[in-house]
Amino acid sequence: MTGQHESSIRGRQRLLSKPRICERQGRLAVRFQYLGANSRVYHLLKLLFTYSGASYATGFVVDKSRGIILTNRHVVKPGPVVAEATFVNREEIPVHPIYRDPVHDFGFFRYDPAAIQFLSYEEIPLAPDAACVGLEIRVVGNDSGEKVSILAGTLARLDRDAPHYKKDGYNDFNTFYMQAASGTKGGSSGSPVIDWQGRAVALNAGSKSSSASAFFLPLERVVRALNFLQKGRKSFQDKWEAVTILRGTLQATFLHKGFDETRRLGLQTETEQLVRHASPLSETGMLVVDSVVPGGPAHKQLEPGDVLVRMNKEVTTQFLKMESLLDDSVGQNVELELERGGKPFTVQLTVQDLHSITPNYFLEVSGAVIHPLSYQQARNFRFQCGLVYVSEPGYMLFRAGVPRHAILKKFAGEEIPHLEDFIRVLSTLSRGARVPLEYITYTDRHRRKSVLVTVDRHEWYATPEIYTRDDNSGLWIGKPALQGVGKRLVNGDTSTETSAKIEPHDQDESDYVIKKRRVREDGNMVADYTLNEPKGDNYEVPRSQEDAVLRDPHGSVAECEIEPTLVMFEVFVPSSCMLDGVHSQHFFGTGVIIYHSENMGLVAVDKNTVAISASDIMLSFAAFPVEIPGEVVFLHPVHNYALVAYDPSALGSAGASAVRAAQLLTDFGSSFSGVLTDEQGRVKAIWGSFSTQLKYGTNSSEDHQFVRGIPIYTISEILKKIISGAKGQPLLINGIKRPMPLVRILEVELYPTLLSKARSFGLSDHWIQVLVKQDPVRRQVLRVKGCLAGSKAENLLTQGDMVLAINKKPVTCFRDVEDACQALDLCDDMEGKLELTVFRQGSEIDVLVGTDVRDGNGTTRVINWCGCFLQDPHPAVRALGFLPDEGHGVYVTRWSHGSPVHRYGLYALQWIVEVNGKPTPDLETFVTVTKGIENGEFVRLKTVHLNGKPRVLTLKQDLHYWPTWELRFDPNTAMWQRKTIKSL
31 MTGQHESSIR GRQRLLSKPR ICERQGRLAV RFQYLGANSR VYHLLKLLFT
81 YSGASYATGF VVDKSRGIIL TNRHVVKPGP VVAEATFVNR EEIPVHPIYR
131 DPVHDFGFFR YDPAAIQFLS YEEIPLAPDA ACVGLEIRVV GNDSGEKVSI
181 LAGTLARLDR DAPHYKKDGY NDFNTFYMQA ASGTKGGSSG SPVIDWQGRA
231 VALNAGSKSS SASAFFLPLE RVVRALNFLQ KGRKSFQDKW EAVTILRGTL
281 QATFLHKGFD ETRRLGLQTE TEQLVRHASP LSETGMLVVD SVVPGGPAHK
331 QLEPGDVLVR MNKEVTTQFL KMESLLDDSV GQNVELELER GGKPFTVQLT
381 VQDLHSITPN YFLEVSGAVI HPLSYQQARN FRFQCGLVYV SEPGYMLFRA
431 GVPRHAILKK FAGEEIPHLE DFIRVLSTLS RGARVPLEYI TYTDRHRRKS
481 VLVTVDRHEW YATPEIYTRD DNSGLWIGKP ALQGVGKRLV NGDTSTETSA
531 KIEPHDQDES DYVIKKRRVR EDGNMVADYT LNEPKGDNYE VPRSQEDAVL
581 RDPHGSVAEC EIEPTLVMFE VFVPSSCMLD GVHSQHFFGT GVIIYHSENM
631 GLVAVDKNTV AISASDIMLS FAAFPVEIPG EVVFLHPVHN YALVAYDPSA
681 LGSAGASAVR AAQLLTDFGS SFSGVLTDEQ GRVKAIWGSF STQLKYGTNS
731 SEDHQFVRGI PIYTISEILK KIISGAKGQP LLINGIKRPM PLVRILEVEL
781 YPTLLSKARS FGLSDHWIQV LVKQDPVRRQ VLRVKGCLAG SKAENLLTQG
831 DMVLAINKKP VTCFRDVEDA CQALDLCDDM EGKLELTVFR QGSEIDVLVG
881 TDVRDGNGTT RVINWCGCFL QDPHPAVRAL GFLPDEGHGV YVTRWSHGSP
931 VHRYGLYALQ WIVEVNGKPT PDLETFVTVT KGIENGEFVR LKTVHLNGKP
981 RVLTLKQDLH YWPTWELRFD PNTAMWQRKT IKSL
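And the structure:
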């Protein structure tokens, strides 16, 4: 009868429905425009299994009076989100999450109905019982981000298995899905699946990219949850009060298998007949256990392949009936009758609260997000719920090589079965402490990996906080995680020694690029072994052993001389301080010791290894097996080298005696960089690594690295000024304040051209003879490539100018220009101008050009506002030759995913020149202007892109999740300090 009835209905649809649907389609589309909402969702942290970012989706109003919007769980997100709904008339309203199901792919947002002032709309009724095979439907939403797309389809299946999206992310289970060939894509998540009467019969959830198949979630459990929310409140109020929606679980996953399969699993014939007799004629199979989570109620009670017969004495073959029994029995026992290989058995299991194993809090420390392992991930990884799970490693754990999805087992020698144990151990550590940590991963679950974790010494990140979800407001509220944090996280060099071997560990390299990887033969990254010596220990190495460490009997004189002066660098850049366009967070390289005394050591290294001063540096010495931290003290404003200081006392007595400075062609490690020496081992140049970008086509480019020699004279001059005393700002180095040198430079980019080519441009024979006499080897002339924007040479020199002489003295190389600049310092020329003789467009002219004085500090201040990183434009930007006339002191160097600047399109490579009509020429003015803007207020910004294009945009400030803060380097303490400028 059922089959005949459905056939009759389908016959009528073929005859009548098509013209009626075509007639109604226009009205249906218009009607839905007033019911649905285009949701923009910004997820802020990598929590559970989500990534920070922005996305578009669809939702629709299911309760107008209470202001409730239904959409997918993967839209509402399990972690912190900021969402806005845009109705068809482009009214934008904020929406807040009020419920996300722990398992099934649905959730609810709430909004204030009074906020919709110019639109008349109704709610879409939910009709889960109306779904049937052959029903013509319309999926109405924002497919591919297009506003109000209407996709047609026909329900083909009501009993499809829940789609499997990824092995380490969210997947629905213990439910059927519907299927139709409607071809939905991104942006249509949360769209209602509408029948011809305008009722929602299902919720669009996913699709298969290789076909037109779309998957819809049935609405029975959605209706139940909505009823709970509606009973909790009669209408919208100013303050939403959280509603408890009971959800039960056995921590077991079931699949619906056909009777043929259950017979192969050993189901008795009598049992099958019993089930068929007690079930509808349309029943095609039974529920079979697919997996069981360790430590859950069903652990060691149920096994994969067990066939469920009854629950609480009732034959149960459908997910809906099973879930209804579990949801109504939270905290109580349920009786399950099953068969395993044809043998019946009965178990009593306690139904667990599903919300209790879905984390509603997390720890944020040094950019890492750590929380108890959720039921979803425990099911994916087959671990017990509640373990200490790394959702995002952040910076501190990234430095140690701890990957995403790691399970932390031991910290500083103590077992940490729960997150509270991790927090307790962390609260006892001081800044700069190095302690061992053990973890496992789901891909290598049977072996623990050991690494060394270094607690941040600088204030790269805010102090650790615990964020807890507040279902009343829809926000996550943060509070300090460490009681008395100000006393415990103080500066110190405490480190915990361990005799445990640091094993090679896997690293996920998808989020960063490693320069000059240090690789073993087996291809794994190697964690350095660190030997920590207490200061003052009289530890001596026998001379024969020291010679064995330092000397290679088969090496040349130069190799034996230079080896004790080489240092391996491992450099980490915090994500909160990726300034000056630095492209990676992890670098390796080799430097050479240029000064070594009792109270200070200095190492020279290329700036492709140490790019910025906001870095954490670990030094490994070739002369002695020890690893100690280093600090950037000087970044040359022109040349490709940096000077890094270390504390010689940290080497211990044996190390301090073994290490020595090089006398102003070997390599240490597997990196390309090193030094060039003569036969006696005296350093003539740094063999440094350079980085550039090679363009492929019009829009693509790729980082390219090459090595060149850096003349040692450029380093010797700066070293002499540091040792003898300079005129610049003092910097604290190993407890002693030392004045740092200033460098006078001509901020002009020059390049050499052969005199033979210069003759073709019209250069006279007289000047060619003068330049050949000045430099008979190179036979070149310097040409101007461009002036740095904002320099004193700008608008005085033009591209293509040939620089013939400075102060009437011929110049042929870069050192001639540097010597001329230094001569101004020796004569105390207050104006600091050089007289340049240049050849321009066929004539010789004299130009008086000013020089600029720069320090070696690099960028020492960064401000984070609404998720973008602001700084003064660095030399690489100024070298492009453009600065906005309106003001150039507020340059956007980076932006954060999921932040307000992400959602409103304020990206890098542009300047903020006005805020609400007020000019912002520098960072101080910008801070003053933005301090007056409150949380939730819209800001009007005028920006100028690096290509010169102006733009005006609006942005909504969010001080709850994105407070304004700054990082600034303090030379008096040699520390990077974090300061909150404005927050809630």
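For reference, each letter of the sequence shown is one residue, going 31 to 1014 in this note's numbering.
Here a beta-carbon is modelled for each residue, glycine too, at the ideal position from N, C-alpha and C.
Quiz item: Taking just the CA atoms, how far does V907 sit from V169?
Solution: Taking C-alpha positions only, V169 is separated from V907 by approximately 48 angstroms.
Quiz item: Per DSSP, which one or two residues make a beta bridge with T1010?
Solution: Per DSSP, W995.
Quiz item: What is the DSSP secondary structure of A1004, counted as helix, strand or coil?
Solution: It is coil, neither helix nor strand.
Quiz prompt | As assigned by DSSP and simplified to three states, the class of T471 | solution = Note: T471 maps to strand in three-state DSSP.
Quiz item: Would DSSP call Q406 helix, strand or coil?
Solution: When secondary structure is reduced to three states using DSSP, Q406 falls in the helix class.
Practice problem: Name, in chain order, the residues that DSSP records as bridge partners for Q382. | Solution: Q382 is bridged to T279.
Quiz item: Near L276, what residues of its chain come up, given a Cβ to Cβ distance below 6 angstroms and the 5 sequence neighbours on each side ignored?
Solution: Hits under 6 angstroms: D357 and V360.
Exercise. Could you tell me whether the stretch 890 to 902 touches the stretch 987 to 1006, where touching means 3 or more Cβ pairs closer than 8 angstroms?
Key: Yes, the stretch 890 to 902 is in contact with the stretch 987 to 1006.
Self-check item: Any beta strand (DSSP E) of 3 or more consecutive residues that is wholly inside the stretch 834 to 875
Solution: Note on the stretch 834 to 875: whole beta strand (DSSP E) runs with a minimum of 3 residues are 863 to 870, in chain order.
Quiz item: DSSP puts D915 in a beta bridge; with which residues?
Solution: The partner list for D915 (beta bridge, DSSP) is empty, contrary to what the question assumes.
Self-check item: CA nearest to the CA of C607, picked from Q414, R690, Y743 and S396
Solution: Among Q414, R690, Y743 and S396, the Cα nearest to that of C607 is on S396.
Quiz prompt | Best match in Y921, E967, D795 and R712 for proximity to L1071 [C-alpha to C-alpha] | solution = With the chain running from 31 to 1014 in the structure shown, residue 1071 is simply not present.
Quiz prompt | Rounded straight-line distance, which links the Cα of P659 to that of R464 | solution = About 11 angstroms.
Quiz item: Can you name the residues that DSSP bridges to L812?
Solution: Under DSSP, L812 takes part in a beta bridge, and its partners are P782 and V833.
Self-check item: Contact check, V668 vs I742, beta carbons under 7 angstroms
Solution: Note that the C-beta distance between V668 and I742 is not below 7 angstroms.
Self-check item: Segment limits, alpha helix (DSSP H) that includes A244
Solution: Here A244 belongs to no alpha helix (DSSP H); instead the beta strand (DSSP E) covers A244 to L247.
Quiz item: Are D16 and A653 touching if we call contact CB-CB under 7 angstroms?
Solution: Any answer about residue 16 is impossible in this case: the structure gives the chain only from 31 up to 1014.
Quiz prompt | Inter-residue Cα distance where the pair is I99 and A909 | solution = Approximately 51 angstroms, taken between the alpha carbons.
Quiz item: So what does DSSP say about F90, is it helix, strand or coil?
Solution: Under the three-state reduction of DSSP, F90 is assigned to strand.
Quiz item: Bridge partners of C817, per DSSP?
Solution: C817 is bridged to V778.
Exercise. Could you name the residues of the same chain whose beta carbon sits closer than 6 angstroms to that of G1020, not counting the 5 residues immediately before and after it, in chain order?
Key: The structure shown does not extend to residue 1020, since the chain is modelled only from 31 to 1014, so the question has no answer here.
Quiz prompt | Residue of V705, T184, P678 and W226 minimising C-alpha distance to T620 | solution = Ranking V705, T184, P678 and W226 by Cα distance to T620 puts V705 first.
Quiz item: Looking at C-beta atoms only, is the number of pairs between the stretch 971 to 990 and the stretch 473 to 485 that lie closer than 8 angstroms three or more?
Solution: Counting Cβ pairs under 8 angstroms, fewer than three are found: no touch.
Quiz item: If L913 and G820 are in contact, beta carbons under 8 angstroms, what's the gap, nearest whole angstrom?
Solution: Rounded, the Cβ-Cβ distance is 5 angstroms, consistent with contact.
Quiz prompt | Other residues of its chain near E176: CB distance less than 8 angstroms, five sequence neighbours each side excluded | solution = The residues are G217.
Quiz item: Is it the case that the Cβ atoms of G97 and Y129 are separated by a distance below 7 angstroms?
Solution: No, they are not a contact pair.
Quiz item: Below 7 angstroms between beta carbons: does that hold for P840 and Q804?
Solution: It is a contact, given that the beta carbons lie within the stated cut-off.
Self-check item: Rounded C-alpha distance that separates A588 from G928
Solution: For A588 and G928, the gap between their C-alpha atoms comes out near 54 angstroms.
Quiz item: Which partner residues of E944 appear in the DSSP bridge assignment?
Solution: P949 and K972.
Quiz item: Roughly how many angstroms separate the alpha carbons of L355 and P466, rounded to a whole number?
Solution: Their backbone Cα atoms lie some 47 angstroms apart in a straight line.
Practice problem: With a 10 Å radius around its C-beta and 16 neighbouring C-beta atoms as the bar for buried, classify D135 as buried or exposed. | Solution: In summary, D135 is buried, with 16 or more beta-carbon neighbours lying within 10 Å of its beta-carbon over all protein chains present.
Self-check item: Boundaries (first-last residue) of the alpha helix (DSSP H) holding I748
Solution: Taken as a continuous stretch (DSSP letters only), the alpha helix (DSSP H) holding I748 covers I742 to S754.
Exercise. Could you please give me the residues that DSSP links to L724 through a beta bridge?
Key: E732, per the DSSP bridge assignment.
Self-check item: 7 angstroms Cβ shell around D523 - same chain, five flanking residues per side excluded
Solution: A caution first: D523 carries a pLDDT of 41, below 50, which makes its placement in the model too unreliable to give a value.
Quiz item: Does the beta-carbon of C896 have 16 or more other beta-carbons within 10 angstroms, so that it is buried, or is it exposed?
Solution: C896 should be labelled buried.
Quiz item: Do you know how far the Cα of F349 is from the Cα of D189?
Solution: If you take the alpha carbons of D189 and F349, they lie about 10 angstroms apart.
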